[in-house]
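*Asks:* Could you have a look at this structure, given as C-alpha cells, before my questions?
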Amino acid sequence: MVLLWYPKCSTCQKARKYLDDRNYSFETRDIVLDTPGIDELKKYVFQSGKEIKKFFNTSGMKYRELGLKDKLNHMSEDEMLSLLASDGMLIKRPILICDDFVLVGFREKEWSELDENC
Numbered sequence: 410m411v412l413l414w415y416p417k418c419s420t421c422q423k424a425r426k427y428l429d430d431r432n433y434s435f436e437t438r439d440i441v442l443d444t445p446g447i448d449e450l451k452k453y454v455f456q457s458g459k460e461i462k463k464f465f466n467t468s469g470m471k472y473r474e475l476g477l478k479d480k481l482n483h484m485s486e487d488e489m490l491s492l493l494a495s496d497g498m499l500i501k502r503p504i505l506i507c508d509d510f511v512l513v514g515f516r517e518k519e520w521s522e523l524d525e526n527c
C-alpha cells in the first residue's frame with residue numbers, strides 16, 4: 410500500500426493517522442516532491458473507477474489560479490493528465506494505492522472498507 414500525500418495537508422495527516430491507528434503497513438510518497446507521471450496517473454484513474462476530473466484538487470490555489478473550473482470541460486484526457494503530472498499541487502490528495510484499487514481523497518466511510526479489500 411502506498412499513500413500519496415502532501416505532509417502539510419491536514420486531510421492527508423488524518424488519512425495517515427487513520428492508517429497508523431489501524432496498523433496498516435504502507436509507504437508514503439510526497440505528491441509534490443515525487444509527482445506521479447502520466448502513465449501512473451492513467452493507471453490510478455483506471456483503478457479508481459472515477460473520471461479524471463475527480464483527480465483535480467478543486468479547492469487548491471493552483472486550480473483557481475489557472476481557472477481550471479471553466480477549462481477542464483474543454484480539455485482532452487491527455488491534456489488533463491499532462492496538467493496533473495506537471496504539478497503535484499493540482500492533484501487531489503491523499504491517494505491510497507493498493508494492488509487492485511485506488512482511493513482518491515479521504516472519506517473515512519470509503520476507507521473503512523480497506524479491511525476487506527487491501
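Using our numbering, read the sequence shown as starting at 410 and increasing by one per residue.
Virtual Cβ for every residue (Gly too), placed ideally from N, Cα, C.
(1) For the beta strand (DSSP E) that contains I506, what are its first and last residues?
(2) Using the C-alpha atoms, what's the distance from D430 back to E396?
(3) Which same chain residues end up closer than 7 Å to K459 when comparing Cβ atoms and leaving out the 5 residues on each side of it in sequence?
(4) Compute the beta-carbon to beta-carbon distance between I500 and N466, rounded to the nearest angstrom, for a pair I have assumed lies under 8 Å.
(5) I need the DSSP call for T420, collapsed to helix, strand or coil.
(6) So, helix, strand or coil for R516, using DSSP?
(7) Can you list, in chain order, the residues of its chain whose CB lies under 6 Å from that of Y415, leaving out five sequence neighbours each side?
(8) Consult DSSP for F455 and reduce its assignment to one of helix, strand or coil.
*Replies:* With the structure as the only source:
(1) Where I506 is concerned, the enclosing beta strand (DSSP E) stretches over I504 to I506.
(2) Residue 396 falls outside the range modelled here, since the chain spans only 410 to 527, and no answer is possible.
(3) Annotation for K459: V513 place their beta carbon closer than 7 Å to its own, counting only its chain and skipping 5 residues before and after.
(4) Beta-carbon to beta-carbon, I500 and N466 are separated by about 6 Å, close enough to satisfy the 8 Å threshold.
(5) Of the three classes helix, strand and coil, the one that applies to T420 here is helix, per DSSP.
(6) When DSSP states are grouped into helix, strand and coil, R516 belongs to the coil group.
(7) Cβ within range, chain order: C421, I440, V441 and R502.
(8) In this structure, F455 counts as helix in the three-state DSSP scheme.
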